[in-house]
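Protein chains in written order, with this note's numbering: chain Y, 1 to 333; chain H, 1001 to 1333; chain X, 2001 to 2207; chain W, 3001 to 3207. Beta carbons: idealized from backbone N, C-alpha and C, even for Gly. Note that the structure is a prediction, hence the values are computed from the model and not measured.
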Amino acid sequence: MKKLINSPETVLDEALAGIAAAHPELRVDAKNKVITRADGTIRAGGVALISGGGSGHEPLHGGFVGPGMLTAACPGEVFTSPVPDQMLAAAQAVDSGAGVLFIVKNYTGDVLNFQMAAELAAEEGIMVKTVVVDDDVAVQDSTWTAGRRGTGATVFVEKIVGALAEQGADLAAVAEMGRRVNACSRSFAVALTACTAPAAGKPGFDLPEDEMEVGVGIHGEPGRRRDKLRPAREIVATALEAILADQPLAAGDETIVMVNGLGATPLLELYVVFNEVATALTGQNVVIARSLVGNYVTSLDMAGVSITVCKADADMLALWDAPVNTPALRWGT
Amino acid sequence: MKKLINSPETVLDEALAGIAAAHPELRVDAKNKVITRADGTIRAGGVALISGGGSGHEPLHGGFVGPGMLTAACPGEVFTSPVPDQMLAAAQAVDSGAGVLFIVKNYTGDVLNFQMAAELAAEEGIMVKTVVVDDDVAVQDSTWTAGRRGTGATVFVEKIVGALAEQGADLAAVAEMGRRVNACSRSFAVALTACTAPAAGKPGFDLPEDEMEVGVGIHGEPGRRRDKLRPAREIVATALEAILADQPLAAGDETIVMVNGLGATPLLELYVVFNEVATALTGQNVVIARSLVGNYVTSLDMAGVSITVCKADADMLALWDAPVNTPALRWGT
Amino acid sequence: MDIDLARSWVQAIAAAVDQHKDYLTQLDSAIGDADHGINMHRGFSAVTTAVANMEADIVGAVLVKAGTTLISSVGGASGPLYGSAFRAIGKALDAPTADPQQFAAALAAGLQSVQKLGAAAPGDKTMIDAYAPAVAAFQLQVDSGGDFAAAAGAAADAAKEGMRATTPLQARKGRSSYLGARSVGHQDPGATSTALIFRALAETVAR
Amino acid sequence: MDIDLARSWVQAIAAAVDQHKDYLTQLDSAIGDADHGINMHRGFSAVTTAVANMEADIVGAVLVKAGTTLISSVGGASGPLYGSAFRAIGKALDAPTADPQQFAAALAAGLQSVQKLGAAAPGDKTMIDAYAPAVAAFQLQVDSGGDFAAAAGAAADAAKEGMRATTPLQARKGRSSYLGARSVGHQDPGATSTALIFRALAETVAR
Ligand SMILES: Nc1ncnc2c1ncn2[C@@H]1O[C@H](COP(=O)(O)OP(=O)(O)O)[C@@H](O)[C@H]1O
Ligand SMILES: Nc1ncnc2c1ncn2[C@@H]1O[C@H](COP(=O)(O)OP(=O)(O)O)[C@@H](O)[C@H]1O
Ligand SMILES: [Mg+2]
Ligand SMILES: [Mg+2]
Ligand SMILES: [Mg+2]
Ligand SMILES: [Mg+2]
């Protein structure tokens, strides 16, 4: 295993110390493993947004804490959902009285731990609502599975809902917008290599030089199927087919598109992929109104790409454009 | 070779098309391979900053085009310096009459091609000055080498000089600041894996599971020496030793520090490395006044990290803080 | 079962998890995210510390503490599930000792709480596939007059058989369900740790 | 040498580069950045197209065009260096034909231009180590009464020998100099392409 670490046991603590040192605009509670904004929390009476999940997906979620996006993030161990105590500590730290929204990626572990945290927070008199993100169309039939995974759309939910919360919307409205953004977002990912979790010490699976895993999630698990490695154009076609089969888009529809690297894919290649996505969508007269190309929801050192398409309405686009000031996403004033 | 591309021959053209599609704020001249700002060029009478180099280092340089940083970027083929025609076309496109500054990483190819471009531009009546960046202390004795390589400090030069140009400084002042920033910046890098250039089709070198290359550049070439893989703390100690031997820092000195991923290193690990750098420097009472942690000057899919330290004066820090609005670096208003 | 035995049980689980940590992770690597051994190890290390010197006057106190500690330290899917199980078992044992009949009921309460939380049914390729037969076997032994050791031994055997039987199943809950048909042919990590838990019970009681 | 021969020469270089592209890249992979074959191939493909139908009334026109095209299409270190060389060679040949003595002087002008631009000396492990002995051998043959074919043959042999002699050297210029002592034991890619260029000359002239 080749990693720039000191030991698997200390990765998370040391990375959190690094985040604290690198970002004076964030406050890192090392004991409770909670990342908040250093400048207090949110404006008086504002709804707080708390997300979290296993580590190894950076910049998600800590990199999205800041004005216009998350109020707090709870990083779990690598690829392991955080424990309820973390979300409770976060809620207690940031609740202004207007309540907190939990943004949860749909994995059994995340859902259960956030659910327990919500119960604990309620006992402390904190209003909690939860949005579960489940955008990954590689997981199809939820009667046969734990339901679709939450992946790239998490960034869209956090950004758009963050802007709405910043505008002073109440908890119900903020939660409702979260559900709307999730409902109109779809993702699909392929991996060219497995990733290596520090504590596991070796790659999650073996993949021959000429093959790829199709329909992977963000935890190093194998995908739905294995296929011969194909040109970017065909990979994009496969991904868009799955996305559009689940959420058809019509000519004139406006979208926010993210082409996201899983960790070890050069930005040069992500732009090649984005070019294919743009060519395909604009070929159907679908409008890419906004886009992100880069590493936003990673899977440690996995080579591969995820494509997320959100069919955005005017509200969402306006909220997308609203100022955001976090380590990983920053625009506007 | 596992790449998200269509063919090695078309990578650059397609990536440029992707950049154009993803960034409406940029204009991509596909024929001349020049990236400029879409909103015209620079303010009337302003000095234009042009950089460029081989592709495969993204976001360098195209990702740094925008207000407060570069005026134009000239991407060459992967790991191959651009040709003079590109820089000439860029200079012709953006010169306001106040002249252009070429920011060149010190490699024979880059230096020669920019030099030829400077001659051609002069023939066209364009004033040109050049700053050569050579911050890599892994390359020691310039009487025995082509001189130190230009790596991470390029980002510092482009940012700080970009801010000065934005303020209306003239060509001489802008060039002088570029030289000052370079003169007080040092870098050192280690690689855990080789990278694979698309046209080469296989990794540049073989590296056993328990070894690393120490003192690498950003073109996939082997480093000064091979060593056993070590904990992050020891790797950082090696890098800082080389950096500080060349540019001593005293208690109270203010620095800008970049911990830069070479392409395939998880952000989680970069924060572990930054924690070590911060611990070491603050242990000597050196102040990390500003920092960047992320992928800024990459080497395709190489796993590894470079550390750059700039001993910054008050002018440089103020210029660092000035607004910048590019795809890869964005802050202020 | 008394307080010391309860403590010995969770310590025996911790020892077993420590020993089989890499194996559990390896199983989770095939159809999950390669952390089950690490998760269980983190959790039961914390449990060992938590119950080491705790004062308790009822059996359940130790087990409730174990469950709460698992919830606070494991994360993942297994943390809340095992945590609730131990909390439910513990809550059902509110006396200084428990007879086999009472313990059978407590185990059943634990199972119910896992199913309530995780909504998995037998055959979904989860810890339930080891847990449910273990509870049934324990109850059967008790009902036919078996003592604690016999019941725990039967439970351990049933859990192991249930664990083995997960291999041909297609997962329908948890992370391995994403693999669809590709989850077939692999033993479920959670069912495996459940088998360890019941084996630890049998060995503790037999000592 | 006349205009058609000059054209044939650059076309023969293009053919040789096409054939040895991967080999050149492989050499550059060991001590450089694995692009020399790709660079040369891109450059001489462009040269082939550029000179294919061009009108020329002096020998040098073809070679100046080749040089200008290399500068505009190669990039890297080798682009400007070979580009200037061909431009300098071409500029020295401003008549419809050139005799061996004139051609020797032109080759020397090319060498001078590479050294002026790149500041490399013999022994630095660069293209100079093949180019310089080739020029000397060409001149020597001409001075001792050899014809064009003999001179070009001698130059090709000398270039090849110079190329081989780069292997034990430590690089002091270009990208391979960063490797320090680790550059020893590898043949220089640029010296290798220079040997191809002179071999192409000898074969073209001999035809
Ligand atoms: N809904 C569920 N009900 C019961 N057990 C479950 C459920 N989901 C997952 N499990 C169990 O949890 C195990 C995985 O635990 P672990 O690897 O620690 O968590 P995670 O899947 O979050 O990484 C699975 O092998 C399975 O036995
Ligand atoms: N200063 C120099 N003078 C002469 N030749 C040089 C010089 N620097 C490099 N070279 C030659 O260029 C070759 C490398 O060319 P190429 O790989 O195309 O460019 P780059 O090094 O920019 O990738 C080297 O093998 C060497 O022969
Ligand atoms: Mg997990
Ligand atoms: Mg090169
Ligand atoms: Mg797991
Ligand atoms: Mg090269």
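>> Quick check: is any heavy atom of ligand 2 less than 8 Å from the C-beta of V3074/W?
In response: Yes, the beta carbon of V3074/W sits closer than 8 Å to at least one heavy atom of ligand 2.
>> For the structure I just gave you, are there three or more beta carbon pairs, one from the stretch 3021–3037 of chain W and one from the stretch 2177–2185 of chain X, closer than 8 Å?
In response: Contact between the stretch 3021–3037 of chain W and the stretch 2177–2185 of chain X is absent: fewer than 3 CB-CB pairs across the two stretches fall below 8 Å.
> For the alpha helix (DSSP H) that contains S1051/H, what are its first and last residues?
Replying inline: Element bounds for S1051/H: not the alpha helix (DSSP H) but the beta strand (DSSP E), 1048–1055.
>> I'd like to confirm something about G3079/W: is its beta-carbon nearer than 8 Å to some heavy atom of ligand 6, or not?
In response: Not so, every heavy atom of ligand 6 lies at least 8 Å from the Cβ.
>> Is there a Cβ of chain C sitting closer than 9 Å to that of G2174/X, yes or no?
In response: Any reference to chain C falls outside this structure, whose protein chains are Y, H, X and W.
> Is any heavy atom in ligand 6 found nearer than 8 Å to the beta carbon of T2025/X?
Replying inline: Checking the Cβ of T2025/X against ligand 6 gives no.
> Do you know offhand how far A21/Y's Cα is from R2007/X's?
Replying inline: Straight-line Cα distance between these residues: approximately 42 Å.
> Would you report the Cα separation of Q2019/X and V1273/H, rounded to the nearest angstrom?
Replying inline: Roughly 32 Å between the two C-alpha positions.
> Can you check whether the CB of G2075/X is closer than 9 Å to the CB of G68/Y?
Replying inline: Their beta carbons are not under 9 Å apart, which means G68/Y does not touch G2075/X by this criterion.
>> Closer than 8 Å is the cut-off here; do at least three beta carbon pairs connect the stretch 1090–1110 of chain H with the stretch 1122–1132 of chain H?
In response: By the C-beta criterion, the stretch 1090–1110 of chain H is judged to be in contact with the stretch 1122–1132 of chain H, since at least 3 inter-stretch pairs fall below 8 Å.
> G1223/H and A1242/H: beta carbons closer than 9 Å?
Replying inline: No, the Cβ-Cβ distance between G1223/H and A1242/H is not below 9 Å.
> At least one CB of chain X closer than 9 Å to the CB of H61/Y: is that the case?
Replying inline: It does not; no Cβ of chain X falls within 9 Å.
>> For ligand 2, is there any heavy atom lying closer than 8 Å to the beta carbon of G3032/W?
In response: Checking the 8 Å criterion, the Cβ of G3032/W is within range of a heavy atom belonging to ligand 2.
>> Let's test the definition: count the other Cβ atoms within 10 Å of the Cβ of A1251/H and tell me whether it reaches 16, buried, or not, exposed.
In response: Counting the other Cβ atoms within 10 Å of the Cβ of A1251/H gives fewer than 16, which makes it exposed.
>> Using a Cβ-Cβ cutoff of less than 7 Å, which residues in the same chain neighbour D2002/X once the five nearest sequence positions on both sides are dropped?
In response: Once the five neighbours on either side are set aside, the close Cβ partners of D2002/X are V2059, P2096, T2097.
> L1300/H: which of G1204/H, A1122/H, S1051/H sits nearest, CA to CA?
Replying inline: Looking at the Cα atoms, G1204/H is the closest of the given residues.
> For the stretch 1021–1109 of chain H, which segments carrying the alpha helix (DSSP H) assignment without a break, of at least 4 residues, lie completely within its bounds, in sequence order?
Replying inline: Segments of the alpha helix (DSSP H) lying fully in the stretch 1021–1109 of chain H: 1084–1094.
>> Given 8 Å as the limit, tell me if G1054/H has its C-beta closer than that to any heavy atom belonging to ligand 4.
In response: It does: the Cβ of G1054/H is within 8 Å (strictly closer) of some heavy atom of ligand 4.
> Do you know whose CA, among S51/Y, D39/Y, H57/Y, lies nearest M302/Y's CA?
Replying inline: Measuring from the Cα of M302/Y, the nearest candidate turns out to be H57/Y.
>> Looking at the secondary structure, which residues open and close the alpha helix (DSSP H) in which K129/Y lies?
In response: Boundaries around K129/Y are those of the beta strand (DSSP E), 128–133, since no alpha helix (DSSP H) includes it.
>> I'd like the span of the beta strand (DSSP E) that includes I1218/H, first residue to last.
In response: The continuous stretches of beta strand (DSSP E) do not include I1218/H, and DSSP gives it neither H nor E.
>> Just to make sure I have the definition right: I need the residues of chain H whose C-beta is within less than 8 Å of the C-beta of Y3131/W. Which are they?
In response: Identification of chain H residues near Y3131/W by a Cβ-Cβ cut-off of 8 Å yields none; the smallest Cβ-Cβ distance measures about 16 Å.
>> Can you determine whether any heavy atom of ligand 8 sits closer than 8 Å to the C-beta of N3039/W, and answer yes or no?
In response: Of the ligands this structure carries, namely ligand 1, ligand 2, ligand 3, ligand 4, ligand 5 and ligand 6, none is ligand 8.
>> Please give the ranges of any beta strand (DSSP E) in the stretch 1185–1263 of chain H, keeping only runs that are unbroken, at least 3 residues long and fully inside the region.
In response: You should have 1185–1191, 1211–1214, 1225–1228, 1254–1261.
> Is the stretch 1258–1270 of chain H in contact with the stretch 1304–1314 of chain H, if contact means three or more CB pairs nearer than 8 Å?
Replying inline: Output reads yes: the stretch 1304–1314 of chain H touches the stretch 1258–1270 of chain H.
>> For G46/Y and A90/Y, what's the separation of their Cα atoms in angstroms?
In response: Cα to Cα, G46/Y sits roughly 15 Å from A90/Y.
> Counting along the chain, where does the alpha helix (DSSP H) carrying T282/Y start and finish?
Replying inline: The continuous alpha helix (DSSP H) containing T282/Y extends over residues 267–283.
>> I want to see whether chain H comes within less than 9 Å of D3199/W, judged by CB atoms only; does it?
In response: The sequence shown places Arg at residue 3199/W, not Asp. Any Cβ of chain H closer than 9 Å to the Cβ of R3199/W would place that residue at the interface, and such an atom is absent.
> How should A318/Y be labelled, buried or exposed, when 16 other C-beta atoms within 10 angstroms of its C-beta is the threshold for buried?
Replying inline: So A318/Y counts as exposed.
> Cβ of P3189/W within 8 Å of any heavy atom in ligand 2?
Replying inline: Yes, the beta carbon of P3189/W sits closer than 8 Å to at least one heavy atom of ligand 2.
>> Considering only their Cβ atoms, is the gap separating A2152/X from A2206/X smaller than 9 Å?
In response: Contact: yes.
>> Please tell me whether M1/Y has its Cβ less than 9 Å away from any Cβ of chain X.
In response: No, because no Cβ of chain X sits closer than 9 Å to the Cβ of M1/Y.
>> Below 7 Å on C-beta distance, what does T3025/W contact in chain H?
In response: A1200, listed in chain order.
> In terms of DSSP beta bridges, what is W331/Y paired with?
Replying inline: Answer is V324/Y.
> Is T255/Y close to chain H, meaning its C-beta is less than 9 Å from at least one C-beta of that chain?
Replying inline: Not an interface residue.
>> Taking beta-carbon pairs under 8 Å, can you tell me which members of the stretch 59–83 of chain Y lie near chain X?
In response: The residues in question are G76, E77, V78, F79, T80, S81, P82, V83.
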